[in-house]
Amino acid sequence: MEEKRCLLCNRPYNYKYEMFGRGCLDNLYELLGFAKSPRIIWNKELYLCTRIAWKNHKFFLSKKKKYVLAQKYIALTYLNMMNYEALNDVKEKVSNDIKNIKTFSKNIVETISVSLNEIYKLFNYTQKFNELLKEAKKTNWEEVDKDVAENFIKSMSFIFDLTKKNSPIAYTVFYAMQYTFWQVVVVGGLLANMKLSAKLLSHSLSLFGKQPQDLLINDKEVIEDILESEEFDNKIKELIKKYCSEKDKFKDNSENNEDCIIEFNNKDLLFAIHGSPTSIEIEKNLDNTWKVNMVIEDTYDFTDFKDLKEYVTSNKSLLISIFSSILNNFGVVSSKYGVIKSYKVTIKVQKNNFVIK
Ligand SMILES: [Zn+2]
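Numbered per numbering that gives the first Met the number 0, the sequence shown spans residues 0 to 356.
Given below as structure tokens:
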């Protein structure tokens, strides 16, 4: 006899049923909210399929149609439990296919083919992910031990699986999990106290099938952080000293002139704009103060974080260590999935009367 495999869990079984092993069949009764079949029923599997047909207001279906309907209906139940907006399109197609199973139609028309086992596996991935997510929300990232944090983040690596990109439904589910990971664990967790970094990453996370627009940062707080930083102050002084002893003007950018590279110590600025091309314009005012215009222009690319270690002499920081290793690798995968997209970011900073003290 040919070996039968359960359509849901794919384990072999040798009971009389055509689609499911006995354990899975019992679970399906519960999942679908059906009371147990009466004792008198000999084929519980066929009975389940009949119940599903009735629930969908379909009567007198052939056995074959009943079985196809049951598979689609169970698939839809699991899809609904995954509760991801990105799956709406898939759900709609499955619903339509269910609608189109009719008593008197000749063929079964399918707009989407679903493997129950694939959907079951995806559902289990999302369950595991949701458990980890709950824990992540409880974590205080400012205080957590470095190794514990790293291991915890690593335990989520299963959602960054490039092989899942090949199946459309798996792609959608993995896209949704990754999107949630970046939004909740990173933007709302690890980066919660780093406004600019969180904003830039959040902006690069694209809703399914959408492209982020370029971004001009004009948050007062961010601009003040830059203007009030020691690094800004020192940099401008240095440039005036070096280039403005005979002229009253200076204008250049970091791509032509290394002197225009500015490295911030502020954790948030360091993360957000490390290594960004910067152009600086300085002009002397009549009252001997200086007018400074600085434009930081960059292509936001999350996977640049691997360079962070070069910028930071102390690698003891939890964030630096996680971002430059594990999260950078996750970022590479999410970029390939299209979850993280790159875009142009510009920050304009102006000081009208810079004073050399
Ligand atoms: Zn099974």
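All C-beta atoms in this analysis are idealised placements derived from N, C-alpha and C, irrespective of residue type, glycine included.
Would you identify the three-state DSSP class for residue 350, choosing helix, strand or coil? The residue given as residue 350 occupies position 351 in the sequence shown. Of the three classes helix, strand and coil, the one that applies to residue 350 here is strand, per DSSP.
Could you give the DSSP three-state label for residue 281: helix, strand or coil? For the purposes of this step, residue 281 is taken as the residue at position 282 of the sequence shown. Strand at residue 281.
Candidates 128, 60 and 84, of which the one nearest residue 97 by Cα: Residue numbering aside, residue 97 sits at position 98 when the sequence shown is read from its first letter. Among 128, 60 and 84, the Cα nearest to that of residue 97 is on 60.
Grab me the residues of residue 107's own chain with a C-beta within less than 7 Å of its C-beta, minus the 5 sequence neighbours each way, in chain order. As a position in the sequence shown, residue 107 is number 108, starting the count at 1. These residues qualify, in order along the chain: 64, 67 and 100.
To the nearest angstrom, how far is it from the Cα of residue 51 to the Cα of residue 103? On the sequence shown, residue 51 is found 52 positions in, with the first residue counted as 1. On the sequence shown, residue 103 is found 104 positions in, with the first residue counted as 1. Roughly 18 Å separates the two Cα atoms.
Does ligand 1 have even one heavy atom less than 7 Å from the beta-carbon of residue 48? As a first step, residue 48 must be located in the sequence shown, where it is residue number 49. No.
Residues in the same chain with beta-carbon distance under 8 Å from residue 252, minus the five sequence neighbours each way, listed in chain order, please. Residue numbering aside, residue 252 sits at position 253 when the sequence shown is read from its first letter. Same-chain partners within the cutoff: 259, 276, 277, 278 and 279.
Those residues which DSSP pairs with residue 3 across a bridge: Taking the sequence shown and counting its residues from 1, one reaches residue 3 at position 4. Answer is 12.
Less than 8 Å separating the beta-carbons of residue 88 and residue 193? Walking along the sequence shown from the start, residue 88 turns up at place 89. Walking along the sequence shown from the start, residue 193 turns up at place 194. Taking 8 Å as the Cβ cut-off, residue 88 and residue 193 do not qualify as a contacting pair.
Can you tell me whether residue 40 is buried or exposed? The criterion is at least 16 other CB atoms within 10 Å of its CB, across all chains shown. For the purposes of this step, residue 40 is taken as the residue at position 41 of the sequence shown. Its Cβ having fewer than 16 others within 10 Å, residue 40 is exposed.
Could you check the C-alpha separation between residue 399 and residue 352 for me, to the nearest Å? The requested residue 399 is not part of the displayed model; the chain covers only 0 to 356.
Hey, would you say the C-beta of residue 38 is under 7 Å away from at least one heavy atom of ligand 1? Working through the sequence shown from its first residue, we reach residue 38 at position 39. The answer is no for residue 38.
Backbone secondary structure at residue 342 - three-state DSSP: Along the sequence shown, read from residue 1 onward, the residue named residue 342 stands at position 343. In the structure shown, residue 342 sits in a strand (DSSP, three-state: E or B).
For a quick check, are the C-beta atoms of residue 226 and residue 348 less than 8 Å apart? Counted from its first residue, the sequence shown places residue 226 at position 227. Counted from its first residue, the sequence shown places residue 348 at position 349. Yes; because the gap between Cβ atoms is below 8 Å, this pair is in contact.
Of all residues in the structure, which have a C-beta closer than 5 Å to any heavy atom of ligand 1, taken in chain order? 5, 7, 8, 20 and 23
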